[in-house]
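So the sequence shown is numbered by the numbering used here: it starts at 51 and just counts up by one.
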Amino acid sequence: MARRLPDLHRRPAHALPRTKFWLFCEGENTEPDYFRALSLAFRGSLIAIEADGGIGDPRRIVAAAARKARDIGISKRRRGSPNSFEDRDSVWAIFDHDDHAHFDSAVEQCRSRGIKVARSNPCFEVWLILHVEDYHRPDDSKAVQRHLTNLCLGYDRRGGKSLDCTQLLERIEDAERRAERQLEERAKEGKAFGRPCTTVFQLTRSIRKAALDSVRK
């Protein structure tokens with residue numbers, strides 16, 4: 051029986067190469083736990099997590115992210131590799147506003163170096179609350195964390211318990227919509243990036259899109 055030759059005019063189905071997200075964040079538990087769960091839920095994206103190990107000056111996060119951006123050529127793309135897999139990779143700095151005096155300068159440093167920012171005011175827990183409900187009270191970090199404790203029994207800001215991020219991720223699209231509306235409300239109030247708000251949804255949407263692109267035929 052004659053061997054059937056492939057149709058050279060037919061475009062083969064293929065998936066895009068997986069995009070890698072380099073995440074640099076504060077904290078030892080909450081943020082890393084959340085993004086590890088996200089990595090498992092959306093395996094089409096490659097997620098590398100670098101945790102600072104504590105709450106500190108956001109400039110420390112930016113400095114670490116900037117080193118990685120230089121290493122992989124984010125700040126100045128390597129010559130001879132246009133549209134390469136590396137060009138699809140991104141570096142993200144994830145940090146809180148709290149009362150950091152250098153918060154705004156840290157954001158500007160990221161922008162000038164090609165580093166993307168997922169920031170929260172006053173803290174990352176605002177993003178977690180949005181998985182469950184809308185949140186517009188201009189609370190400080192302690193009040194936000196207490197509210198999350200009441201909503202999610204597994205959450206413990208002191209690290210004694212692990213939050214069940216898997217259940218939260220079932221509502222991630224709701225959280226993204228709420229976060230976007232939250233930012234719009236702060237802008238209407240004339241308090242751009244005032245309490246409470248977060249841009250973490252921009253990161254999660256990017257990760258989810260990359261995961262979908264990696265399997266799309």
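Beta carbons: idealized from backbone N, C-alpha and C, even for Gly.
In the DSSP assignment, find the alpha helix (DSSP H) that holds A261 and state where it starts and stops.
Position 211 of the sequence shown, counted from the first residue, corresponds to residue 261. Note, A261: alpha helix (DSSP H), 250 to 265.
Counting Cβ pairs, one atom from each stretch, are 3 or more of them under 8 Å apart for the segment 78 to 94 and the segment 155 to 166?
The way I'd put it, the segment 78 to 94 doesn't touch the segment 155 to 166; fewer than three beta-carbon pairs between them come closer than 8 Å.
What residue does the alpha helix (DSSP H) around A91 start on, and which one ends it?
Position 41 of the sequence shown, counted from the start, is the residue given in the question as residue 91. Unbroken alpha helix (DSSP H) run through A91: 80 to 91.
Reduced DSSP category for T69 - H, G, I as helix; E, B as strand; rest coil
Your numbering for residue 69 matches position 19 in the sequence shown. In the structure shown, T69 sits in coil (DSSP, three-state: anything other than H, G, I, E or B).
For K166, the first and last residue of its enclosing beta strand (DSSP E)
Taking the sequence shown and counting its residues from 1, one reaches residue 166 at position 116. That run of the beta strand (DSSP E) goes 166 to 171.
Is the distance from the Cβ of A101 to the Cβ of K70 below 9 Å?
For the purposes of this step, residue 101 is taken as the residue at position 51 of the sequence shown. For the purposes of this step, residue 70 is taken as the residue at position 20 of the sequence shown. In this structure, A101 lies away from K70, with their beta-carbon atoms at least 9 Å apart.
N- and C-terminal bounds of the alpha helix (DSSP H) containing E234:
On the sequence shown, residue 234 is found 184 positions in, with the first residue counted as 1. Taken as a continuous stretch (DSSP letters only), the alpha helix (DSSP H) holding E234 covers 222 to 238.
Apart from the five residues on each side of it in sequence, which residues of its chain come closer than 8 Å, Cβ to Cβ, to W142?
On the sequence shown, residue 142 is found 92 positions in, with the first residue counted as 1. Within the same chain, W142 has close Cβ partners F71, W72, L73, F74, A115, I165, K166, V167, A168, L253.
Have a look at D149, C202, H150, C215 and flag the residue whose alpha-carbon is nearest the alpha-carbon of E81.
Taking the first residue of the sequence shown as 1, we reach residue 81 at position 31. For the residues D149, C202, H150, C215, the minimum Cα distance to E81 belongs to C215.
Inter-stretch contact (C-beta, 8 Å, three-pair minimum) for the segment 239 to 247 and the segment 110 to 124
In the pairwise beta carbon analysis, the segment 239 to 247 is classified as not touching the segment 110 to 124: fewer than three pairs are separated by under 8 Å.
Rounded to whole angstroms, what's the CA-CA distance from V154 to L201? Just pull it up for me.
Against the sequence shown, residue 154 aligns to sequence position 104. Against the sequence shown, residue 201 aligns to sequence position 151. Note on residue identity: the sequence assigns Asp, not Val, to residue 154. Rounded to whole angstroms, D154 and L201 show a C-alpha spacing of 30 Å.
The ligand MG heavy atoms versus the CB of R227: any closer than 8 Å?
Ligands are entirely absent from the displayed structure, and the ligand MG is therefore not among its contents.
With D154 as the anchor, note down where its alpha helix (DSSP H) starts and where it stops.
Against the sequence shown, residue 154 aligns to sequence position 104. For D154, the enclosing alpha helix (DSSP H) covers residues 153 to 162.
Whole angstroms are fine: how far does the CA of L180 sit from the CA of P268?
No answer is possible for residue 268: the residues shown for the chain start at 51 and end at 267.
When DSSP builds the beta bridges, which residues end up paired with E100?
Along the sequence shown, read from residue 1 onward, the residue named residue 100 stands at position 50. The partner list for E100 (beta bridge, DSSP) reads F74.
Closest to D146 by CA distance: which of I122, F174, R163 is it?
Counting from 1 along the sequence shown, the entry for residue 146 is found at position 96. Looking at the Cα atoms, F174 is the closest of the given residues.
So, at 6 Å on beta carbons, what are the nonlocal neighbours of Q195 in its own chain, with the 5 sequence-adjacent residues on each side left out?
Numbered from its first residue, the sequence shown carries residue 195 at position 145. The answer, listed in chain order, is E175, R207.
Between A91 and chain D, is there a C-beta pair that is closer than 9 Å?
Of the protein chains in this structure there is only one, and it is not chain D.
Look up A242 in the DSSP assignment and say whether it is helix, strand or coil.
Position 192 of the sequence shown, counted from the start, is the residue given in the question as residue 242. In the structure shown, A242 sits in coil (DSSP, three-state: anything other than H, G, I, E or B).
Cβ of V182 within 9 Å of Cβ of L218?
Residue 182 sits at position 132 when you count from the first residue of the sequence shown. Residue 218 sits at position 168 when you count from the first residue of the sequence shown. In this structure, L218 lies closer than 9 Å to V182 by Cβ.
According to DSSP, what are the bridge partners of T146?
The residue you call residue 146 lines up with position 96 of the sequence shown. Note on residue identity: the sequence assigns Asp, not Thr, to residue 146. S170, per the DSSP bridge assignment.
Could you pull out every residue in the same chain whose Cβ sits closer than 8 Å to the Cβ of R129, ignoring the five residues on either side in sequence?
Numbered from its first residue, the sequence shown carries residue 129 at position 79. Residue placement at R129 cannot be trusted, given a pLDDT of 38 that sits under 50; what the coordinates show is reported in the next sentence. There are no such residues.
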